[in-house]
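As structure tokens, the structure follows; a few thoughts come after it.
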Amino acid sequence: MKLIQCIVRPNKVDEVIEALRTLNVSGMTVSEVRGHGKQKGHAAIYRGREYQVTLIPKMMIEVVATDPAVNEILETIIRAARTGEIGDGRIFVLPVDEAYRIRTGERDVL
């Protein structure tokens, strides 16, 4: 099993979720996050004063998938989230050794 964490633009999150639904992805977690990558934020003007915005609002979608499904899920996320501009986001793939259902305490097998 793998945990796929993708950080995308807020305006792309609905497109990514809908694309994942077409793959019959059964569960996901969506969180509002803030951060920056290589662009390190941007300058903004508020009430005539310029200030640095260093933490950009993003959305993180997390999906646990079986190993054979990972590549198709990655391609789908990239296709749905890409604008071709700086700040499109990142995807991280991490191994998942075990998962447990809190309600029953049983070990999940995906």
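Following our numbering, the numbering of the sequence shown begins with -8 at its first residue and continues without gaps. Beta carbons: idealized from backbone N, C-alpha and C, even for Gly.
Of the residues Glu89, Ile77, Ile52, the one whose Cα lies closest to the Cα of Thr67 is Ile52. For Val87 and Asn2, the gap between their C-alpha atoms comes out near 29 Å. DSSP places Val54 inside the beta strand (DSSP E), whose first and last residues are 47 to 56. Between Ala56 and Ile8 the beta-carbon gap is near 15 Å, outside 8 Å, which marks them as no contact.
Here Cys(-3) has Ile52, Ile68, Ile82 as same chain residues with Cβ atoms under 6 Å from its own Cβ, once five neighbours each way along the sequence are excluded. Within 10 angstroms of the beta-carbon of Ala72 lie 16 or more other beta-carbons, which makes it buried. A distance below 8 Å separates the beta carbons of Val4 and Val21.
Minimum Cα-Cα distance from Val44 among the listed residues Gly26, Arg38, Leu11 corresponds to Gly26. In the structure shown, Ala35 adopts extended strand secondary structure according to DSSP, grouped into three states. Annotation: Arg92 is outside any beta strand (DSSP E) and is labelled neither H nor E by DSSP. Residues Tyr91 of the same chain have their beta carbon placed closer than 6 Å to that of Arg98, with the five preceding and five following residues left out of the count.
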